[in-house]
Amino acid sequence: MLYLFYGKDSFRLKKRVEEVVEGWKEKYGDDGVTYLDGKNLDIPTLRSEILSLSIFSPKRLIIINSISGNAKAKEYILDNEEIFVNSENLILFLEEDLKSGKSDSFSAFIKKRGHVESFVFLEGDDLRNWVMQEVSRYGVSIKGGGIGELEKSFKGDLFGLENEIRKLANYVLAEERKEITLADIDKLIERKEDANVFAITDAIGVRNRRLSFILIDSHIKGGGVILVLFATIATHIKNLMIVKESPAASPGELSMNPYVKMKCSGQAKNFTIEELKKLFNLLIDLDKKMKVGQIGQQEAIETFILAL
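Under the numbering used here, the sequence shown is numbered contiguously, ending at residue 538.
Given below as structure tokens:
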């Protein structure tokens, strides 16, 4: 079985792959999934993975990422079409872009003999429907004007939208409300664009406690929402962990904005992966304590900074 997922909307593509992997593991177990780097895939490895059987799983899900630039691997697949088409395994190709035209016989083969799904950037009604569905996951609603404001601010960036919707939902639920208003969005977007927030995460990234305290104090006195700042810090630490664990991966492979990847690459050098995991677990613990009233919001932020 041949599948191809492609498109520049890495957010939805990544989510779709996660759905496939999760469903496969539920049916065949964790040992039935193999990941291959298509860029550097050699013929012996490709042949071995496709033809070999697992003693732990009757069928395997083989995910091959970015094979489009590997001419030798594509040629091998085209020379052995029936082996791939008739395989009991599910072979899933992932591509950011897919060439079109008569010259690209590999793309033509996949489209003719396999199952293809494309992930283009959402816009218009499709984007608005996605926002409403994402908001409903948190048990809250949003007015039409609010959807338009989010569209304008994030311009189809689903990673940013997902993060912002989560923060908005947590914010209104903390106030015991069920609807995200335009006023909530204006307040949060204003904080998102405030350079002070990014200055705080930069100070944390270089482990400058003194500057972090000064900037956080200024942020709070200026009306900054502590819960939003806390969520932003958690996202930054998570990004540092991702980059630290895969320093050579491209922004697309990490599903990360190129600028964020560049910024995190420099800051990740200031931590070991163990330190980042410890800090992230601390944030999770502090978040739980805030929710049950065991610690105040400002105290939680300060506790984290002291742990840098």
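Yeah, the Cβ is synthetic: ideal placement off N, Cα and C, and Gly gets one too.
{"query": "Validate contact between the segment 264-284 and the segment 292-303 using beta carbons, cut 8 Å, 3 pairs", "result": "yes"}
{"query": "Buried or exposed (CB count within 10 angstroms, at least 16 for buried), Thr275", "result": "exposed"}
{"query": "Asn539 versus Gly237: straight-line alpha-carbon distance, rounded", "result": "Any question about residue 539 goes unanswered here, given that the chain covers just 231 to 538."}
{"query": "Burial state of Gly523, where buried means 16 or more other Cβ atoms lie within 10 Å", "result": "exposed"}
{"query": "Of the listed residues Glu364, Val315, Val350, nearest to Ile340 (C-alpha basis)", "result": "Val315"}
{"query": "Cβ pair count under 8 Å reaching 3, the segment 395-410 against the segment 456-463", "result": "yes"}
{"query": "Nearest-angstrom Cβ-Cβ length linking Ile444 and Ile450, presumed shorter than 8 Å", "result": "No, Ile444 and Ile450 are not in contact; Cβ-Cβ is about 11 Å, not under 8 Å."}
{"query": "7 Å Cβ shell around Asn300 - same chain, five flanking residues per side excluded", "result": "Gly268, Lys269, Leu271"}
{"query": "Residue burial classification, Ile415 (beta-carbon count within 10 angstroms, cutoff 16)", "result": "buried"}
{"query": "Span of the alpha helix (DSSP H), counted from its first residue to its last, around Tyr265", "result": "Where Tyr265 is concerned, there is no enclosing alpha helix (DSSP H), although the beta strand (DSSP E) it sits in stretches over 263-267."}
{"query": "Ile430 and Ile446 closer than 8 Å at C-beta", "result": "yes"}
{"query": "Integer-rounded CB distance, given that Phe235 should sit under 8 Å from Phe349", "result": "7 Å"}
{"query": "Short Cβ contact (8 Å threshold) for Leu484 with Lys491", "result": "yes"}
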